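Asks: Counting in my numbering, the sequence shown runs from -17 upward without gaps. Note that the Cβ used here is the ideal one computed from N, Cα and C, for glycine as well. Only a predicted model underlies this, so the values are computations on that prediction, with no experimental measurement involved.
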Amino acid sequence: MTQARAYTNIALIKYWGKSDITWNLPTSSSIGLTLDQLYTDTRVDLTDDLKQDQFILDGQLASNPRIIKVLDFVRQQTGSHKYAKITSENHVPNSAGLASSASAFAAFALAASDSYGLPTDRPSLSRLARLGSGSASRSVYGGFSIWYQGYDHQSSFAQSILDPVDFGIRVIDVLTDKKTKKIPSSQGMQRAQSSPDYSNWLSQSKMQIREMIAAIKNKDIEKIGLIAERNAMGMHALNRSADKPFDYFAGETWAVINDIHRLYHAGIPAFATIDAGPNVKVITDSRSCQKVADQLKNFGEILIQKPGPGVVHV
-17 MTQARAYTNI ALIKYWGKSD ITWNLPTSSS IGLTLDQLYT DTRVDLTDDL
33 KQDQFILDGQ LASNPRIIKV LDFVRQQTGS HKYAKITSEN HVPNSAGLAS
83 SASAFAAFAL AASDSYGLPT DRPSLSRLAR LGSGSASRSV YGGFSIWYQG
133 YDHQSSFAQS ILDPVDFGIR VIDVLTDKKT KKIPSSQGMQ RAQSSPDYSN
183 WLSQSKMQIR EMIAAIKNKD IEKIGLIAER NAMGMHALNR SADKPFDYFA
233 GETWAVINDI HRLYHAGIPA FATIDAGPNV KVITDSRSCQ KVADQLKNFG
283 EILIQKPGPG VVHV
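#1: Please work out which residues of its chain come closer than 7 angstroms, Cβ to Cβ, to Gln186, disregarding the five sequence neighbours upstream and downstream, and give them in chain order.
#2: If Ala89 sits next to Asp145, beta carbons under 8 angstroms apart, how far is it from one beta carbon to the other, in whole angstroms?
#3: In three-state DSSP terms, what is Arg152?
#4: Hey, could you find the ends of the alpha helix (DSSP H) Ser106 is sitting in?
#5: Quick one: is Gln175 buried, meaning 16 or more other Cβ sit within 10 Å of its Cβ, or exposed?
#6: Under DSSP, the alpha helix (DSSP H) around Thr29 begins and ends at which residues?
#7: So the beta strand (DSSP E) Val262 belongs to, where does it begin and stop?
#8: Nearest CA to the CA of Ile38: which residue from Asp30, Asp31, Ile50?
#9: Is it true that the region 57 to 76 meets the region 264 to 280, where meeting means three or more beta-carbon pairs spaced less than 8 angstroms apart?
#10: On a CA-only basis, which of Ser1, Lys0, Leu17, Asp225 is nearest Ala(-12)? Give me that one, please.
#11: With the cut-off set at 9 angstroms, would you say Val52 and Ala(-14) are in Cβ contact?
#12: Measuring straight from C-alpha to C-alpha, what distance separates Ala214 and Ser12?
#13: So Thr158 packs on Ala232, CB below 8 angstroms; how close in whole Å?
#14: Hey, would you say Ala56 sits closer than 9 angstroms to Leu20, going by beta carbons?
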């Protein structure tokens, strides 16, 4: 039996599109920041008496084809024929754009690798986590990390940029809506790739990757926030210009973003980013985070997060 814990990460430069569905390869590299409040604990038990894999999520028997896909790959790599009992506790609202799959598959990658005897170095774990959830490759690491686009299983992995994070960046989640999103991320990506602006967004993302790495190295929170906001707004614009247009923004999403812009124009470092869901995240600093939280608290539950650790045994 092996148990692992991993935390969610927020994508500062987004991954939004797949070049290979089977291997879960992205159309672009991405950069994330692992946070310290929302996490998943996952345990993997191997027993001889199981006739199939069993998945228990938050105390309930569940099914997840992506977990079976990862386990089948693990068994293929190791030559094992043992089935697994996977017990997962998610301390993240599922499928609401809060990166629950990132923490879930990063924790699962470590627990499964340990149980079946696969290597547990960080690049190997990030490759395995990627098979279940692309963003999970980044949650293997603490602090800032980059997930390389790559061209096959071996070359598409994540690597640390900065951990521990030695400057005062903070991320505030504004939880206006905890409901499951109507369009799953994988389906949203597929539709977004039909946008006439998609190739231009990919080119912009490549430039923003370089700019973001420089901003992180310079500990420049304003630059980090401005680049992240530009990248996120570009991603969501793709959804609206797709052949079958759609939008993750809910009623209050724009209202939150407008308030964040008002704060920035008043001289407070506050920048919006938003993943595949309605909930806005605010990039700010340790001095301003309480002021920003107070300004936005009427929109819903507020969660102030610091940079968090990579995947660990528990």
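Replies: Once the coordinates are examined:
#1: Here the question's residue 186 lines up with position 204 in the sequence shown. Hits under 7 angstroms: Gly216.
#2: In the sequence shown, counting from the first residue as 1, residue 89 sits at position 107. In the sequence shown, counting from the first residue as 1, residue 145 sits at position 163. No, Ala89 and Asp145 are not in contact; Cβ-Cβ is about 17 angstroms, not under 8 angstroms.
#3: Here residue 152 refers to the residue found at position 170 when the sequence shown is read from its first residue. The answer is strand: DSSP assigns Arg152 an E or B state.
#4: Within the sequence shown, the letter at position 124 stands for residue 106. From DSSP, the alpha helix (DSSP H) with Ser106 extends over 104 to 114.
#5: Translated into the one-based positions of the sequence shown, residue 175 becomes position 193. Answer is buried; the Cβ neighbour count reaches 16.
#6: Taking the first residue of the sequence shown as 1, we reach residue 29 at position 47. Per DSSP, Thr29 belongs to no alpha helix (DSSP H) and is neither H nor E.
#7: Position 280 of the sequence shown holds residue 262. 262 to 267 is the span of the beta strand (DSSP E), which, as asked, contains Val262.
#8: What you label residue 38 is simply residue 56 of the sequence shown in a count that begins at 1. Ile38 has its Cα closest to that of Ile50, out of Asp30, Asp31, Ile50.
#9: no
#10: For the purposes of this step, residue -12 is taken as residue 6 along the sequence shown, with counting starting at 1. Of the candidates Ser1, Lys0, Leu17, Asp225, the one whose C-alpha sits nearest the C-alpha of Ala(-12) is Leu17.
#11: Along the sequence shown, read from residue 1 onward, the residue named residue 52 stands at position 70. Along the sequence shown, read from residue 1 onward, the residue named residue -14 stands at position 4. No; because the gap between Cβ atoms is not below 9 angstroms, this pair is not in contact.
#12: Position 232 of the sequence shown, counted from the first residue, corresponds to residue 214. Position 30 of the sequence shown, counted from the first residue, corresponds to residue 12. Each residue's Cα considered, the two are about 12 angstroms apart.
#13: Along the sequence shown, read from residue 1 onward, the residue named residue 158 stands at position 176. Along the sequence shown, read from residue 1 onward, the residue named residue 232 stands at position 250. Their Cβ separation, rounded to whole angstroms, is 6 angstroms, which keeps Thr158 and Ala232 in contact under 8 angstroms.
#14: For the purposes of this step, residue 56 is taken as the residue at position 74 of the sequence shown. For the purposes of this step, residue 20 is taken as the residue at position 38 of the sequence shown. Note that residue 56 is Val in the sequence shown, not Ala. Against a cut-off of 9 angstroms, the Cβ pair of Leu20 and Val56 comes out as no contact.
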